[in-house]
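Position 65 (the sequence shown) corresponds to 72 in the numbering used here; numbering is contiguous.
Where a beta carbon is used, it is the ideal one built from N, C-alpha and C, also for glycine.
Note that this is a predicted model, so its numbers are computed, not measured.
Inspection log for the structure reproduced underneath, given as structure tokens.
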Amino acid sequence: MTNLLEAREIFAGYGEMEILHGISIKAEMGKITCLIGPNGSGKSTLLATLFGLVKPRGGKIFFENQEITRQDPRHLLCRGMAFVLQRRSVFPQMTIVENLQLGAYLRRDAKIRQDIERVLSLFPALDKKRQLHAGALSGGEQRMLELARVMMLNPRLILLDEPSAGLAPKIVDSIFEQIYDLNQHGVTFVIVEQNVRKILNVASYGYLLAQGKIELEGECTELQRDSQLVKAYLK
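Set out below in structure tokens:
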């Protein structure tokens, strides 16, 4: 097992409020790792800390076996780590193609146009609407565009916060199919998700957070049989 990302004994918070209390997680290369748990358990704060948006007060973070604990998000983007926030972040007055071009803003190579075609081939629903303004897309299509945009940086790891939030069940299915397809193309994911049943069917390994600590972890097939988790989330 090769871990692409590892966090050891992370303590973090905002102001005087400490949210994370010694959390340790690993994300295996080429796999989908999920973070589940009740609202306020620290899941989104953990993602923000992994990506350098929140500076940890203790502990260490490693990416490809190199410490990145206090590196800024721009540096992490250049290293191959991307973060898709829960809130919508598309540029509504720009077309799909223009949004993708902005996704390559850190690049200076000559293959951006070629990569736009490559990325759109991974997102057929967007390819058919490539000249539409992002503001004319549905919520699910905008979520897909956010994923497509980070793919312009050729990330090895995507941190994804609540991909199904606010979306209809049928659209949620499409989003998770897209995530699965990207994973099959070699992208590693760490995903925060409230739809526990859905994410446990997609991810390989999961962590259940509660009050800023890891309460339970294991292979997702095992978590689906855990009586505590089943009672709280799967009934």
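If you reduce the DSSP assignment to three classes, tell me which class ASP134 lands in. Sequence index remark: in the sequence shown, residue 134 carries index 127 (1-based). It is helical.
Quick check: the Cα distance between GLY213 and ARG204, rounded to an integer number of angstroms? Against the sequence shown, residue 213 aligns to sequence position 206. Against the sequence shown, residue 204 aligns to sequence position 197. Using only the alpha carbons, I get a separation of about 12 Å.
Using DSSP's beta-bridge definition, name the partner residues of PHE69. Looking up residue 69 in the sequence shown gives position 62. Note: PHE69 sits in a beta bridge opposite GLU13 and GLU74.
Output the distance between the C-alpha atoms of SER96 and ILE32, rounded to the nearest integer angstrom. Here the question's residue 96 lines up with position 89 in the sequence shown. Here the question's residue 32 lines up with position 25 in the sequence shown. Near 27 Å, if we compare the C-alpha coordinates of ILE32 and SER96.
C-alpha gap between LEU328 and GLU224, whole angstroms: Any property of residue 328 remains undetermined from this structure, which presents the chain solely from 8 to 242.
For a test of the three-state rule: what should DSSP assign to SER31, helix, strand or coil? One-based indexing of the sequence shown puts residue 31 at position 24. Here SER31 sits in strand by DSSP.
Cut-off 6 Å between Cβ atoms - residues of its own chain near LYS220, not counting five sequence neighbours on either side: For the purposes of this step, residue 220 is taken as the residue at position 213 of the sequence shown. So the qualifying residues of the chain are HIS28.
How do the region 118-137 and the region 80-100 stand: do at least 3 beta-carbon pairs fall below 8 Å, yes or no? no
With a CB to CB cut of under 7 Å and the five nearest residues on each side skipped, what residues in its chain are close to THR176? Counted from its first residue, the sequence shown places residue 176 at position 169. The question names Thr, but residue 176 in the sequence shown is Pro. Counting only Cβ-Cβ distances below 7 Å, and skipping sequence neighbours, we find nothing.
Find the nearest neighbour of ALA239 within the set THR228, LEU215 and CYS227, judged by alpha-carbon distance. On the sequence shown, residue 239 is found 232 positions in, with the first residue counted as 1. Here the closest residue by C-alpha is LEU215.
Run the CB neighbour count on ALA34, radius 10 Å, all protein chains shown included, and call it buried at 16 or more, exposed below. Translated into positions along the sequence shown, residue 34 becomes position 27. So ALA34 counts as buried.
Inspect the CB distances between the region 66-74 and the region 129-140 and report whether three or more fall short of 8 Å. no
Compute the Euclidean distance between the alpha carbons of ILE68 and GLU13, then round it to the nearest angstrom. On the sequence shown, position 61 is the one that residue 68 refers to. On the sequence shown, position 6 is the one that residue 13 refers to. Spanning the two alpha carbons is a distance of roughly 6 Å.
Residues of its chain near ASP168, where Cβ-Cβ distance is below 7 Å and the 5 sequence neighbours each way are ignored: Translated into the one-based positions of the sequence shown, residue 168 becomes position 161. Closer than 7 Å at Cβ, skipping near neighbours: SER51, LEU54, VAL91, LEU92, GLN93 and VAL199.
Can you check DSSP and say which residues form a bridge with THR195? Within the sequence shown, numbered from 1, the residue matching residue 195 stands at position 188. Per DSSP, LEU164.
Tell me whether the beta-carbon of ALA172 lies closer than 8 Å to the beta-carbon of PRO45. The residue given as residue 172 occupies position 165 in the sequence shown. The residue given as residue 45 occupies position 38 in the sequence shown. Their beta carbons are not under 8 Å apart, which means ALA172 does not touch PRO45 by this criterion.
Let me make sure I understand the geometry here. Which of ILE123, ALA210, ARG150 and ARG114 has the alpha-carbon closest to that of THR195? By 1-based counting over the sequence shown, the position of residue 195 is 188. With distances taken between Cα atoms, THR195 lies closest to ALA210.
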